[in-house]
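Per full-length UniProt numbering, the sequence shown runs over residues 1 to 685. A quick write-up on the structure given underneath.
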Amino acid sequence: MVKSKILLVTFPGQGHINPSLQLAKRHVKLVDVKVTFLTSQSAIRRMTKTSTTFDAPIDFVSFDDGYDNGWSNDDFQDFMLAQRKHGGKAVEDVVAAAREEGRPFTRLIYSLLVPWAAHVAYNLQLPVLWIQPATLFGVYYYYFNNYFDGSLGSNQAIELPRLPSLEGSDLPSFMLTSSPNIYDFALPTLFENFQILDREAKRPTVLVNTFQELEDPSDTSFGRDLIEKSVDDYVEWLESQEKLSVIYVAFGSISEISKPQMEEIAKGLIKSQRPFLWVIRGAEKEEMLSCRVDLEKQGKIVGWCSQVEVLSHSSVGCFVTHCGWNSSLESIVLGVPTVLFPQWCDQATNAKLIQDYWKTGLRVVKPENGGVIEGDEIKRCLDIVMDGGQMRMEAKKWRELAKEAMNEDGFSMSTSESSQPSRAGGLGGNEEIRGLIEKIRETSRYLKKSPAAAQKFDTALDECNLKDKRQVAMDVPNRWNSTFELLETALPLREAFCRLERIDKNYLFNPSESEWEVATSIHKCLHTFYVATSRFSGSKYPTSNVFFPDICKIYLEMTEWEHSEYDFIRHMAGPMKIKFDKYWDKCCLVLAVAVVFDPRVRDTLKYLFFTYGGSRVPSAGDTTNASSSIINRSTEHPDYETWYDNEHDAVEALVVADDWIRPIPNKVPSATQTIGSQVESTQRL
């Protein structure tokens with residue numbers, strides 16, 4: 001019996017259709033889930049008949065938007081209106097038909113440019129999910145909650161809570177005052193999406209798009225030929241090239257590159273003296289290039305190709321991309337370093353993440369006058385990326401993380417499962433938690449938007465002797481560490497919230513006494529993880545032995561959660577311990593050696609030795625014998641029989657070690673050196 005029936009509605013651009021189809025396929029792999037995929041008739045028709053896309057157990061439904069031959073920048077506004085009119089009617093008809101058949105949809109999922117689908121779903125009382133990348137969602141969230149003061153210029157520095165430091169040029173282009181008129185539709189469309197979230201007061205939900213699905217090599221039903229079928233023999237050409245030698249150039253299905261800029265890209269490719277595969281949409285644009293003959297001697301130009309297939313090929317060493325989110329994810333998942341050429345919309349923000357935080361790409365530098373990027377600059381970036389060993393290593397690292405996330409028990413699969421109504425859980429899966437956190441968020445919004453309320457809150461702070469406390473932070477709802485910081489600032493102000501409720505009749509968001517107690521418990525649970533992750537990310541050399549005590553503490557905390565008085569904490573502990581055991585169950589002996597020889601541990605042992613009456617520094621032999629005796633006595637204890645009998649189970653070993661190591665951070669200053677990297681090198685040898 002089907003428990004979940006999903007209607008997935010997407011914009012008819014290839015950069016929207018590809019990941020939406022991947023998401024649809026991910027869901028139909030789950031038990032008792034059925035998916036209907038709805039987009040425009042023109043997009044369905046463009047899907048090649050030779051594709052195996054339609055072999056998947058997904059129902060495809062289309063509507064006629066009147067743009068069978070696509071659209072241009074000149075008529076884009078009219079195209080969007082046609083999408084809204086005809087697409088909205090199609091959603092209404094499909095949902096109504098399913099209800100009449102007795103098989104109603106349980107949820108609607110929609111992509112960025114189709115908020116009309118959510119409006120129809122709301123009127124039909126159908127729950128919705130909006131697909132958004134995490135960082136961009138945070139930027140938009142703060143923008144529409146008045147965190148930006150005045151107009152935005154490209155050279156203006158932007159600081160937003162818990163987000164990377166951004167320049168104006170890193171923001172989505174339509175947010176800038178210099179944005180061309182063609183982007184006028186973007187901000188109202190985005191604002192409409194946030195209005196929809198606000199309207200979903202009970203449970204506003206966003207589906208965070210962080211990793212695209214990585215299919216098995218044998219499964220090609222979604223990896224290629226989704227929209228068109230190439231007549232070019234580019235695969236055969238790639239096979240003839242050396243490993244990691246080819247530059248792949250593609251700017252998506254919507255971005256328009258001017259003729260002068262195309263000429264400079266061509267010059268940069270020729271000057272690089274490397275083979276390239278360049279996707280140029282439309283034969284007439286290819287003919288415009290003045291150096292076309294020289295280009296064809298060095299590389300290959302095609303009208304279309306399967307991007308996943310190209311990026312997967314061993315000959316490809318670099319991807320020149322417009323930084324659309326779909327292309328960005330594909331480069332990460334397939335481990336290809338990038339030259340970043342953002343054009344519009346959210347692409348500049350994606351480029352910021354790729355270059356400064358993932359460190360898998362290099363952004364071309366625009367001239368000060370904002371004009372055409374010259375061929376010499378393009379060649380400079382190509383040389384750095386193609387020769388950049390460190391950048392390639394970072395790309396490989398992210399590729400492995402993506403593979404892990406897409407494993408059957410990885411993060412993305414478990415998140416897909418938890419999105420089903422019957423499987424909802426975790427921190428966001430409890431009505432009591434959601435209610436109290438939303439009240440604190442509403443308090444922050446209320447104080448920010450109303451000067452009169454802010455003044456009354458200052459009075460409340462004075463009366464409670466809390467004037468030195470910080471104001472309530474705003475959080476990004478889909479980030480647990482951000483929610484922790486929200487609670488961190490709110491809990492000390494509990495008394496002021498209660499006082500404000502008495503002096504301001506319009507303030508209606510003060511949590512109840514029981515909700516404050518729940519907030520305190522949540523804060524305590526998250527604190528352990530927040531401190532640990534802050535230490536991990538704040539270290540230049542986060543080797544395992546240095547943070548071993550933190551790992552032990554996390555495990556012990558989760559053990560305590562299993563006996564919490566709150567159901568939601570007990571239910572949260574079980575799955576978290578299972579995940580913890582998965583990664584720490586087989587603990588390497590080298591890690592134990594590294595911990596013992598860590599200078600902080602060694603110095604602490606000396607400190608304890610003399611504290612308890614030692615008269616001489618023990619020799620290496622004495623230390624070895626004493627350590628063996630301690631370990632033997634510990635493992636003879638009944639509590640550790642499981643560890644003693646099972647050489648593969650390291651969780652109890654962590655607890656034993658924690659008894660020895662826990663005093664270290666309190667008694668000995670942090671050492672300036674660590675042997676973790678040396679041990680790691682020895683292990684590789």
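Ideal Cβ positions, reconstructed from N, Cα and C, are used throughout, including at glycine.
Once DSSP output is grouped into helix, strand and coil, what is the label at residue i?
i	result
S40	strand
R363	strand
D32	coil
Y357	helix
I280	coil
W130	strand
A519	helix
T338	strand
C318	strand
L160	coil
E242	coil
L171	coil
A532	helix
F105	coil
L8	strand
S62	strand
L466	coil
I301	strand
A121	helix
Q14	helix
V139	helix
Y583	helix
I384	helix
A473	coil
E485	helix
L401	helix
V206	strand
V249	strand
L187	helix
Y555	helix
Is residue i near residue j, with beta carbons less than 8 angstroms apart?
i	j	result
C318	P342	no
C381	V339	yes
K359	M386	no
L493	V472	yes
L129	L207	yes
V333	R399	yes
R363	N145	no
Mind checking residue i: buried by the 16 CB within 10 Å criterion, or exposed?
i	result
V279	buried
L226	Low confidence applies to L226: its pLDDT is 44, below 50, so where it sits in the model is not reliable, and the reading given next is rough at best. Buried.
G563	Sequence inspection shows His at residue 563; the Gly mentioned does not correspond to that position. The residue is exposed, with fewer than 16 neighbouring Cβ atoms inside 10 Å.
P337	buried
Y234	buried
V293	exposed
C345	buried
I569	buried
R107	buried
I373	buried
Q455	exposed
R502	exposed
P188	exposed
A96	exposed
A452	exposed
L8	buried
S422	Any answer about S422 is weak, because its pLDDT of 33 lies below 50 and its placement is not dependable; what the coordinates show is given next. Label assigned to S422: exposed.
I551	buried
C291	exposed
Please report the Cβ distance between residue i and residue j, rounded to the nearest whole angstrom; I am assuming they are in contact, meaning their Cβ atoms lie under 8 angstroms.
i	j	result
N326	N18	6 angstroms
G388	E264	About 22 angstroms; that fails the 8 angstroms criterion.
F79	Y67	6 angstroms
E442	F509	4 angstroms
L289	M262	6 angstroms
L160	Y142	5 angstroms
L353	T135	6 angstroms
S111	S20	6 angstroms
For the ligand ADP, is there a heavy atom less than 7 angstroms away from the beta-carbon of residue i?
i	result
D550	Among the components modelled here there is no ligand, and therefore nothing to report on the ligand ADP.
Is there a C-beta anywhere in chain B that falls below 8 angstroms from the one on residue i?
i	result
I503	In the structure shown, chain B cannot be found, because there is only a single protein chain.
Worksheet item: Are the segment 430-445 and the segment 480-498 touching by the rule of at least three beta carbon pairs closer than 8 angstroms?
Response: yes
Practice prompt. Check whether the segment 260-269 touches the segment 302-318, counting contact only when three or more Cβ pairs, one atom from each stretch, lie closer than 8 angstroms.
Written response: no
Discussion item. Is it the case that the segment 520-535 contacts the segment 455-466, given that we only count it when at least three CB pairs across the two stretches are under 8 angstroms?
Written reply: no
Practice prompt. Report yes or no: do three or more beta-carbon pairs, one from the segment 235-243 and one from the segment 163-172, lie closer than 8 angstroms?
Written response: no
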